[in-house]
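**Q**
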Amino acid sequence: MSSARSVRKPPARIGLALAGGGPVGAVHEVAALCALQDGLAGIDFAALDVYVGVSAGAFVASLLANGITPQQLRRILVEADSAEHPIDPNVFLSPAVDELAQRAAMLPGVLLEAVQRCLHGPWASRLELLAGLGRLLPSGLFSGDKLARFLEQAFAAEGRSNDFRRLRTKLRLVATDLDSGEAVVFGSPGHDDVPISRAVQASSALPGLYPPVRINGRDHVDGVLRKTMHASVALREGARLLFCINPIVPFDAQLAARRGHPWRGRLVNGGLPTVLSQAFRTLIHSRMQVGMAGYPGTYRGARVLLFEPPRDDPHLLFTNVFNEATRRRVFEQTYRWTLRDLAARRRELTPWLAPYGISIRATRRPAAAAPNGPAGMDVAQRLGGTLDRLERWIGPR
12 MSSARSVRKP
22 PARIGLALAG
32 GGPVGAVHEV
42 AALCALQDGL
52 AGIDFAALDV
62 YVGVSAGAFV
72 ASLLANGITP
82 QQLRRILVEA
92 DSAEHPIDPN
102 VFLSPAVDEL
112 AQRAAMLPGV
122 LLEAVQRCLH
132 GPWASRLELL
142 AGLGRLLPSG
152 LFSGDKLARF
162 LEQAFAAEGR
172 SNDFRRLRTK
182 LRLVATDLDS
192 GEAVVFGSPG
202 HDDVPISRAV
212 QASSALPGLY
222 PPVRINGRDH
232 VDGVLRKTMH
242 ASVALREGAR
252 LLFCINPIVP
262 FDAQLAARRG
272 HPWRGRLVNG
282 GLPTVLSQAF
292 RTLIHSRMQV
302 GMAGYPGTYR
312 GARVLLFEPP
322 RDDPHLLFTN
332 VFNEATRRRV
342 FEQTYRWTLR
352 DLAARRRELT
362 PWLAPYGISI
372 RATRRPAAAA
382 PNGPAGMDVA
392 QRLGGTLDRL
402 ERWIGPR
């Protein structure tokens, strides 16, 4: 790896931590960031002091740390019409051809070994035979190579870099070492010689979907295996005001029914994928809550602001993010909800934000994040008026 002179970075004061959630999670995060950028004055989410990303959050964080704004991210991920950074959403589902071919090449040898074991040990357990045949299963179905190449091209533009050491801000991307189970923080000293695009690929390698990514002789998988968001990484870097966005929350069907959302039936009726998704969301969300509860005592004086989608939204579980209309709907819903959440928490957040010169806007600017065209502008204007009335109602009296 060629050497590079590190850019001197100021002490971290304001940071951003982004969790995973796959392509849907990335859309949620971009929508929340657009809402926060529009709803807050005195902050630029493309020029913070420290960024921490895990899985899909690593993808978003790497672009932000390179100066790509939330609105540009919307054009890239949601609208998929960025002239500067065109991306096909199906890049996330590119088949892992090399991995599949490698496993197929193993087929004759594995089958021969299984036959020999049967002949020489007729009483061998079927489970042992199945375990041997398990080596034929690919470690991942999809490849992250195209995503890494997209990032390489994006970071090749003037003023951007694929080198952690050349960034003007701190970027930390977390993966998990497959052979040790330990977290690896790419971008930190000793792990900053790895290309950012490669680190994103490693942090996003969810087992079963993407093969492990080999870096410096070690295999790496999704960082969410260790922690949901790794917000503590930013706090250890010195962040005193930390914005956290976590799109991974369990769906509450009963709450959805009480609030009149179009949801009928039981989650079990969705079969194994729905059950596994809900179990995964419940597990990692409860783990994140434990971690968040410990931050005030460990990092005294630091303020951690968490933003999550509502748990009564069926789109958490049933969303085809590869459909443009669906992506826009998810974006718009998350954008509106985040602005409402920001207004509802005005009293709580104002004293936390003020020391950093940040304030909640009295007048929203939703048109910047609304879809292009007159219809989008009209919706944005109506939304702005509604939010202003909501803010006046819940504001200081």
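According to the numbering used here, the sequence shown is numbered sequentially starting from 12.
For glycine and all other residues, C-beta sits at the position ideal for the given N, C-alpha and C.
Would residue 191 be called buried (16 or more neighbouring beta carbons within 10 Å of its own) or exposed?
**A** Here residue 191 refers to the residue found at position 180 when the sequence shown is read from its first residue. Answer is exposed; the Cβ neighbour count stays below 16.
**Q** So the candidates are 177, 366, 220, 224; which of them puts its Cα closest to the Cα of residue 209?
**A** Here residue 209 refers to the residue found at position 198 when the sequence shown is read from its first residue. Checking every option, the nearest Cα to that of residue 209 belongs to 224.
**Q** Comparing C-alpha positions only, which one of 89, 239, 316, 28 sits nearest to residue 357?
**A** The residue given as residue 357 occupies position 346 in the sequence shown. Out of 89, 239, 316, 28, 316 has the C-alpha closest to the C-alpha of residue 357.
**Q** Report the rounded CA-to-CA distance for residue 86 versus residue 163, giving the unit in angstroms.
**A** The residue you call residue 86 lines up with position 75 of the sequence shown. The residue you call residue 163 lines up with position 152 of the sequence shown. Cα to Cα, residue 86 sits roughly 18 Å from residue 163.
**Q** Could you give the residue range of the beta strand (DSSP E) that holds residue 28?
**A** On the sequence shown, residue 28 is found 17 positions in, with the first residue counted as 1. It spans 25–29 - the beta strand (DSSP E) in which residue 28 sits, taken as one unbroken run.
**Q** Between which two residues does the beta strand (DSSP E) harbouring residue 318 extend?
**A** If you number the sequence shown from 1, residue 318 lands on position 307. Here the beta strand (DSSP E) through residue 318 covers 314–318.
**Q** Here's a check: name, in chain order, each residue in its chain whose Cβ is nearer than 8 Å to the Cβ of residue 242, leaving out the five neighbours to either side.
**A** Translated into positions along the sequence shown, residue 242 becomes position 231. So the qualifying residues of the chain are 28, 63, 253, 255, 302, 303, 306, 315.
**Q** Locate the alpha helix (DSSP H) running through residue 352, then write down its first and last residues.
**A** Counted from its first residue, the sequence shown places residue 352 at position 341. Residue 352 -> alpha helix (DSSP H) spans 335–355.
**Q** In three-state DSSP terms, what is residue 32?
**A** Position 21 of the sequence shown, counted from the start, is the residue given in the question as residue 32. Coil at residue 32, not helix or strand.
**Q** Would you mind listing the beta strand (DSSP E) stretches within the segment 138–225 that are 3+ residues and don't spill past its ends, in chain order?
**A** You should have 181–188, 194–197.
**Q** Comparing alpha-carbon positions, which option in 259, 58, 60, 84 lies nearest residue 70?
**A** Taking the first residue of the sequence shown as 1, we reach residue 70 at position 59. Comparing Cα-Cα distances from residue 70 to each of 259, 58, 60, 84, the minimum goes to 84.
**Q** Applying the 10 Å Cβ sphere with the 16-neighbour rule, what's the burial state of residue 297?
**A** Position 286 of the sequence shown, counting from 1, holds the residue named residue 297. Classification for residue 297: exposed.
**Q** Along the chain, where does the alpha helix (DSSP H) containing residue 266 start, and where does it finish?
**A** Working through the sequence shown from its first residue, we reach residue 266 at position 255. Run containing residue 266: 264–269, per the alpha helix (DSSP H) assignment.
**Q** Could you check the C-alpha separation between residue 26 and residue 309 for me, to the nearest Å?
**A** Along the sequence shown, read from residue 1 onward, the residue named residue 26 stands at position 15. Along the sequence shown, read from residue 1 onward, the residue named residue 309 stands at position 298. The alpha-carbon atoms of residue 26 and residue 309 are separated by roughly 17 Å.
**Q** What are the boundary residues of the beta strand (DSSP E) that includes residue 256?
**A** In the sequence shown, residue 256 corresponds to position 245, counting from 1. Residues 252–256.
**Q** Suppose the cutoff is 7 Å on Cβ atoms and the five residues either side in sequence are ignored; what does the same chain contact list for residue 37 look like?
**A** Here residue 37 corresponds to residue number 26 of the sequence shown, with the count starting at 1. The residues are 67, 70, 71, 88.
**Q** Please name the residue or residues paired with residue 370 in a DSSP beta bridge.
**A** Locating residue 370 in the sequence shown gives position 359, where the first residue counts as 1. Residue 370 is bridged to 52.
**Q** Checking 7 Å against the spacing of the C-beta atoms, do residue 159 and residue 231 come in under that value?
**A** Within the sequence shown, numbered from 1, the residue matching residue 159 stands at position 148. Within the sequence shown, numbered from 1, the residue matching residue 231 stands at position 220. No, the pair does not count as a contact, with Cβ atoms beyond the cut-off.
**Q** Helix, strand or coil, according to DSSP, for residue 396 in the structure here?
**A** In the sequence shown, counting from the first residue as 1, residue 396 sits at position 385. Residue placement at residue 396 is poorly supported in this model, since its pLDDT is 44, which falls under 50; the coordinates are not used for a value here.
**Q** Going along the chain, which unbroken runs of the beta strand (DSSP E) with 3 or more residues stay wholly within the segment 39–85?
**A** 61–65, all fully within the segment 39–85.
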